[in-house]
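Heads up: the structure comes next, in structure tokens.
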Amino acid sequence: MQRAIVLCAGLFLTAPNHSPGQDVEKISPGLRREFKLAGFYQQVVLLEGFPIVASGKVSPYALREAAWIVQSMLGKRPDLLRQLGKSKARLAVMGVSEVTLDVPEHSDLRPPERWNRSRGLGATWHRPAVSCAEENMLCCPGDPYPTENILVHELAHAVHLMAINVLDKTFDRRLKAAYRGSLAEGRWKGTYAAGHYHEYWAEAVQCWFNTNRENDRIHNHVNTREELKKYDPEAARFCEEVFGDNDWVYVRPDDASRVGKGHLRGLDRSKLPKFEWRE
Numbered sequence: 000m001q002r003a004i005v006l007c008a009g010l011f012l013t014a015p016n017h018s019p020g021q022d023v024e025k026i027s028p029g030l031r032r033e034f035k036l037a038g039f040y041q042q043v044v045l046l047e048g049f050p051i052v053a054s055g056k057v058s059p060y061a062l063r064e065a066a067w068i069v070q071s072m073l074g075k076r077p078d079l080l081r082q083l084g085k086s087k088a089r090l091a092v093m094g095v096s097e098v099t100l101d102v103p104e105h106s107d108l109r110p111p112e113r114w115n116r117s118r119g120l121g122a123t124w125h126r127p128a129v130s131c132a133e134e135n136m137l138c139c140p141g142d143p144y145p146t147e148n149i150l151v152h153e154l155a156h157a158v159h160l161m162a163i164n165v166l167d168k169t170f171d172r173r174l175k176a177a178y179r180g181s182l183a184e185g186r187w188k189g190t191y192a193a194g195h196y197h198e199y200w201a202e203a204v205q206c207w208f209n210t211n212r213e214n215d216r217i218h219n220h221v222n223t224r225e226e227l228k229k230y231d232p233e234a235a236r237f238c239e240e241v242f243g244d245n246d247w248v249y250v251r252p253d254d255a256s257r258v259g260k261g262h263l264r265g266l267d268r269s270k271l272p273k274f275e276w277r278e
């Protein structure tokens, strides 16, 4: 997914604000060898064998927030989380001052001026890094995507391609059929979800967790779980199949219900860096 150019331990049903699995640590030599992690990465949170990594420039709070989101989404599916690790996928959190081509797994993408306008990409077997950005994790000033969480979208791609497809050989075929059927019935016309069945899935997942944009040039009115159930019941059924009976929905870290709580305790929001596009 490349939005700017219009191109993505204990687990809990409703994740708590803190978990022992959110400890930020230095990357061990063994983990670096196992996942062939470049020296660029200096920090890690390890969830069921799935590493969330970043350079030394990134706030540990951003890694903890990313870990909280991953735990929350996959709270009913630790098997999917473990499979991501077995597939050697990893989640890279870009710093506010970093760009896509700074991520080692994405450094060969061309043209750079195109890909560096992305603040998150999905993982593939060739490039096994899901990426997201510090400013979107912590809602820093200047976040270009303040009305959505990009990690939810990009993790949906990784879960699809590097976990579900390994564990359920029927899923991809069934998803593609649902996508074609939905478009044939006139849904998602003119939206990002209509472009490819991979995006149909990832956009549906964003809606499932209440964190999508609405009513702009690539989105319609659907951006919540309840709206998805009414508009495209089949897409909603796929989300329920994958994520289980999971009531969690995304709430921004600057929401009053979350500020200063759990893994965000001690974060001084007045000192968050401002995001600006690199020239």
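Residue numbering for the sequence shown follows this note's numbering, starting at 0 and increasing by one per position.
For each residue, glycine too, the CB sits at the ideal point set by N, CA and C.
- [ ] Figure out for me which residue from Ala255, Arg32, Ser256 and Ala88 has the closest Cα to the Cα of phenylalanine 49.
- [x] For this step, residue 49 is matched to residue 50 along the sequence shown. Among Ala255, Arg32, Ser256 and Ala88, the Cα nearest to that of phenylalanine 49 belongs to Ala88.
TODO: Return yes when the Cβ of arginine 126 is within less than 8 Å of the Cβ of histidine 105, no when it is not.
DONE: Locating residue 105 in the sequence shown gives position 106, where the first residue counts as 1. Locating residue 126 in the sequence shown gives position 127, where the first residue counts as 1. Yes, they are a contact pair.
Open item on the list: What does the alpha-carbon distance come out to for the pair tyrosine 144 and leucine 137?
Closed with: Looking up residue 144 in the sequence shown gives position 145. Looking up residue 137 in the sequence shown gives position 138. Taking the straight line from one Cα to the other gives about 12 Å.
Open item on the list: So, with DSSP's three-state summary, where would you put isoleucine 149?
Closed with: Numbered from its first residue, the sequence shown carries residue 149 at position 150. In this structure, isoleucine 149 counts as helix in the three-state DSSP scheme.
TODO: Report all residues from its chain with a CB closer than 8 Å to the CB of serine 54; omit the five preceding and five following residues, and keep chain order.
DONE: Within the sequence shown, the letter at position 55 stands for residue 54. Once the five neighbours on either side are set aside, the close Cβ partners of serine 54 are Phe39, Tyr40, Gln41, Gln42, Gly94, Glu97 and Asp101.
- [ ] Could you spell out where the alpha helix (DSSP H) holding proline 59 opens and where it closes?
- [x] Counting from one through the sequence shown, the residue named residue 59 turns up at place 60. Residues 59 to 72.
Open item on the list: To the nearest angstrom, how far is the alpha carbon of glutamine 45 from that of glycine 84?
Closed with: For the purposes of this step, residue 45 is taken as the residue at position 46 of the sequence shown. For the purposes of this step, residue 84 is taken as the residue at position 85 of the sequence shown. Sequence check: residue 45 is leucine here, not glutamine. The alpha-carbon atoms of leucine 45 and glycine 84 are separated by roughly 9 Å.
Open item on the list: One question on the structure: do alanine 61 and valine 92 come within less than 8 Å of each other, judged by their Cβ atoms?
Closed with: As a working note, residue 61 is residue 62 in the sequence shown. As a working note, residue 92 is residue 93 in the sequence shown. In contact: alanine 61 and valine 92 (Cβ atoms closer than 8 Å).
Task: C-alpha gap between leucine 79 and proline 140, whole angstroms - done: For the purposes of this step, residue 79 is taken as residue 80 along the sequence shown, with counting starting at 1. For the purposes of this step, residue 140 is taken as residue 141 along the sequence shown, with counting starting at 1. Near 33 Å, if we compare the C-alpha coordinates of proline 140 and leucine 79.
- [ ] Run the proximity test for arginine 116: is its beta-carbon closer than 7 Å to any non-hydrogen atom belonging to the ligand ADP?
- [x] Only the bare structure without any ligand can be found here, which leaves the ligand ADP out of the picture.
Open item on the list: Checking the sheet assignment: what are the DSSP bridge partners for arginine 89?
Closed with: As a working mapping, residue 89 is identified with position 90 in the sequence shown. Arginine 89 is bridged to Ala128.
Open item on the list: Let me check understanding here. Comparing Cα to Cα, which of Glu33, Leu30 and Trp67 lies closest to valine 250?
Closed with: On the sequence shown, residue 250 is found 251 positions in, with the first residue counted as 1. Nearest C-alpha to valine 250: Trp67.
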